[in-house]
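Asker:
Residue numbers (the numbering used here): 243 to 318.
#1: Residues in its own chain within less than 7 Å of residue 281 by CB, not counting five upstream and five downstream?
#2: In the DSSP assignment, what residue or residues form a beta bridge with residue 254?
#3: Residue range of the alpha helix (DSSP H) that residue 270 falls in?
#4: Rounded to whole angstroms, what is the Cα-Cα separation between residue 307 and residue 255?
#5: Measure the C-alpha to C-alpha separation of residue 258 and residue 269 and round it to an integer number of angstroms.
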């Protein structure tokens, strides 16, 4: 539950246990530090995929539109 709250603070939920976070490097450092404080390494699995900045230009999205643009400003 704490992991999900941290992920929601930095991004948005796209599935029950899948979050999409787009952030600057400094925000990523804080995000990872916050996660490391609360994860249970025997139960939780967090994967972070670094993508080049232009990668979001190549994303195709089908179905229900997103309410949040992942490239928008980070608000915390």
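The beta carbon of each residue, even a glycine, is placed where N, CA and C say it ideally should be.
Answerer: Quick answer:
#1: Here residue 281 refers to the residue found at position 39 when the chain shown is read from its first residue. Closer than 7 Å at the Cβ level, and outside the excluded window around residue 281, lie 245 and 288.
#2: Here the question's residue 254 lines up with position 12 in the chain shown. Paired residues: 262.
#3: Counting from one through the chain shown, the residue named residue 270 turns up at place 28. Boundaries of the alpha helix (DSSP H) around residue 270: 267-280.
#4: For the purposes of this step, residue 307 is taken as residue 65 along the chain shown, with counting starting at 1. For the purposes of this step, residue 255 is taken as residue 13 along the chain shown, with counting starting at 1. Residue 307 and residue 255: Cα-Cα distance of roughly 13 Å.
#5: The residue you call residue 258 lines up with position 16 of the chain shown. The residue you call residue 269 lines up with position 27 of the chain shown. Here the C-alpha atom of residue 258 lies approximately 23 Å from the C-alpha atom of residue 269.
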